[in-house]
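Have a look at the structure below, then the notes.
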Amino acid sequence: MSREHEWVDEEAGPVVRPYAVARGRTRPTSSALDLLATVVATGSPAPANAELSAQHRRVLSFLSGRATPVAELASEVGLPVGVVRVLLGDLLEHGLVSVRQQTDKAATPTESLLREVINGLRAL
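Residues in the sequence shown are numbered consecutively from 0, following numbering that gives the first Met the number 0.
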């Protein structure tokens, strides 16, 4: 059995806790990895000293050829945002991803819009 499938149960899905995926870390190594930051794979080969888990490789394979916001990436790979931010921090340290901050302030939702969304969700 390959190491990649070691922590997967076909019926239950992943059976390892998120903190184990992030090796007990709760914060990324870079403050640039906020929810709206866009991440893209650089295409560089992994350094020999990089210890990349199956989850690191999964994130990289999803990013291959496309720029994706951190929050969307977390949804796509099925991991909590905090875990994805830690994994991205590792990949960023190894030069395997680059981060682009959102520069268009007009695209940032206003506080009133966010309040309307919260109220709408509560009404459900």
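In this text, a Cβ means the ideal position worked out from N, Cα and C, and glycines have one as well.
Considering only the alpha carbon of each residue, which of the options lies closest to residue i?
i	options	result
valine 76	Ala53, Ala45, Leu123	Ala53
alanine 36	Ala45, Glu92, Leu87	Leu87
proline 44	Pro68, His93, Glu115, Val58	His93
proline 46	Pro68, Val85, Leu91	Leu91
Residue range of the alpha helix (DSSP H) that residue i falls in?
i	result
leucine 120	110–122
Cβ atoms of residue j and residue i: under 8 angstroms apart, would you say?
i	j	result
valine 39	serine 111	no
leucine 34	alanine 70	yes
valine 58	valine 80	no
arginine 99	alanine 66	yes
threonine 41	leucine 95	yes
Checklist entry - Which runs of the beta strand (DSSP E) fall wholly inside the segment 27–89 and span at least 3 residues, in chain order? => result List check, beta strand (DSSP E) in window: 37–40.
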